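Here the sequence shown is numbered in the UniProt record's numbering, starting from 1 and rising by one per residue.
Glycine included, every Cβ here is placed at the ideal spot set by N, Cα and C.
All values derive from a computational prediction rather than experimental measurement.
Encoded as structure tokens, the structure appears first; notes follow it.
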Amino acid sequence: MTYVILHALAPIFVIMILGYFAGKAKMVDNQNVSLLNVLVMDFALPAALFTATVQTPWAGIIGQSPLILVLTLAMWITYAAIYLICTKVFKKSAQDAAVLTLTVALPNYAALGLPILGSVVGESAGTSLSVAVSIACGSVLMTPFCLLILEREKARLSGETRGSVLTMLPILMWRSVKKPIVWGPLLGVILSAVGIKMPDMVLASIKPLGLAATASALFLTGVILSARKLKINGPVLVSCVAKNLIQPFIAWGLVMAFGISGPVAVTAILMIALSAGFFGIVFGNRFGVQSPDAEAALLISSVLCIVTLPLFISLTASIH
1 MTYVILHALA
11 PIFVIMILGY
21 FAGKAKMVDN
31 QNVSLLNVLV
41 MDFALPAALF
51 TATVQTPWAG
61 IIGQSPLILV
71 LTLAMWITYA
81 AIYLICTKVF
91 KKSAQDAAVL
101 TLTVALPNYA
111 ALGLPILGSV
121 VGESAGTSLS
131 VAVSIACGSV
141 LMTPFCLLIL
151 EREKARLSGE
161 TRGSVLTMLP
171 ILMWRSVKKP
181 IVWGPLLGVI
191 LSAVGIKMPD
201 MVLASIKPLG
211 LAATASALFL
221 TGVILSARKL
231 KINGPVLVSC
241 VAKNLIQPFI
251 AWGLVMAFGI
261 SGPVAVTAIL
271 MIALSAGFFG
281 IVFGNRFGVQ
291 SPDAEAALLI
301 SSVLCIVTLP
311 LFISLTASIH
């Protein structure tokens, strides 16, 4: 099992190292990654998420409702708790806290979901469906929180804020929904719900872009990391403990509270037990927000996952 986990994690580290080397060697300008960010955030990731959601049958999504419930609550609870700790205890800015908490709360479903779940539960259409639903769940129900905060702070800094945040909410939500990273997967879910099947020609046309999504995002993350020094502090340590240990136990508690058992329970816990994802970092960079704490949390969480993930795989073996 350790080999399987290392095998799944290896591409993450290798691609990030390549991006890091490219930034350090000045092959890529690590101080100005706006073009790479446009590729990742406005094209590659939206294409991948749209493809995943539009090809997920609506009946299958409804059938995965217990999984969606546990994943969503576990991510929301973690996001709210870490965000409050970062802003109230560690006095971090709202933007920095938003980026860090998205990095922590949203597991790396895209890169690790299928290889880990396939090795534990077994590779099948149901496993692929669970991973697709997890990705859709994170992109549709999690990322808008971070975008709303970033848009709110951007409006405040530019002097556009008028009245309370509540009165600005419709404008902020519209700005978030306009982002391809949000409307891409949301459009896929809507088309799936109404039963519209995308032509094979369309899916084949955007498939190469979608396939490049994870690799380009990891490469971009490596380039961003090359411009900074790794620092370990209170927020980073709290974030890593929350991601690798506390969040999976939150999912476990939710599974028990809702009486979920069998493969769905195992899937929910293991999906949440995956390491921190890269979404927060690339999101923040798109808004000009650099979070060294989020970058450190991503790296440390990925390394710790080698130890913590086998722990939860062993613990979930008792779930029937």
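Report yes if the C-beta distance between residue i and residue j is below 9 Å; otherwise report no.
i: Gly210; j: Ala105; result: no
i: Asn108; j: Ser302; result: yes
i: Ile269; j: Ile319; result: yes
i: Phe283; j: Gly19; result: no
i: Ile116; j: Ala213; result: no
i: Pro46; j: Ile196; result: no
i: Tyr83; j: Thr101; result: yes
i: Ser134; j: Gly118; result: no
Mark residue i as exposed unless 16 or more other C-beta atoms lie within 10 angstroms of its C-beta, in which case mark it buried.
i: Pro199; result: exposed
i: Val233; result: The identity of residue 233 in the sequence shown is Asn, whereas the question assumes Val. Counting Cβ neighbours within 10 Å, Asn233 comes out exposed, since fewer than 16 surround it.
i: Ser3; result: What sits at residue 3 in the sequence shown is Tyr, not Ser. Flag for Tyr3 reads exposed.
i: Pro263; result: buried
i: Ser205; result: exposed
i: Trp174; result: exposed
Span of the alpha helix (DSSP H) holding residue i?
i: Pro115; result: Tyr109 to Val120
i: Pro180; result: Pro180 to Val194
i: Met245; result: A small fix is needed here, since residue 245 is Leu in this sequence, not Met. Neither: Leu245 is in no alpha helix (DSSP H) and is coded neither H nor E.
i: Met271; result: Gly262 to Ala273
i: Thr214; result: Ala213 to Ser226
i: Ile232; result: Per DSSP, Ile232 belongs to no alpha helix (DSSP H) and is neither H nor E.
i: Asp96; result: Ala94 to Ala105
i: Val70; result: Ser65 to Leu84
i: Ala155; result: Thr143 to Leu157
Considering only C-alpha positions, which residue in the set the options is nearest to residue i?
i: Asn244; options: Leu220, Ala276 and Gly259; result: Ala276
i: Ile77; options: Glu295, Gly259, Ile250 and Val307; result: Ile250
i: Cys240; options: Phe312, Ile68, Val89 and Leu274; result: Leu274
i: Leu304; options: Asn285, Met256, Leu237 and Val255; result: Leu237
Going by DSSP in three states, residue i sits in which element: helix, strand or coil?
i: Ala25; result: coil
i: Ala276; result: strand
i: Thr127; result: helix
i: Val54; result: helix
i: Val198; result: First, the residue type needs correcting, since residue 198 is Met and not Val in the sequence shown. Reduced to three states, the DSSP call for Met198 is coil.
i: Ile319; result: coil
i: Gly288; result: coil
i: Asn30; result: coil
i: Gly210; result: helix
i: residue 386; result: This structure cannot speak to residue 386, because the chain is shown only from 1 to 320.
i: Gly259; result: coil
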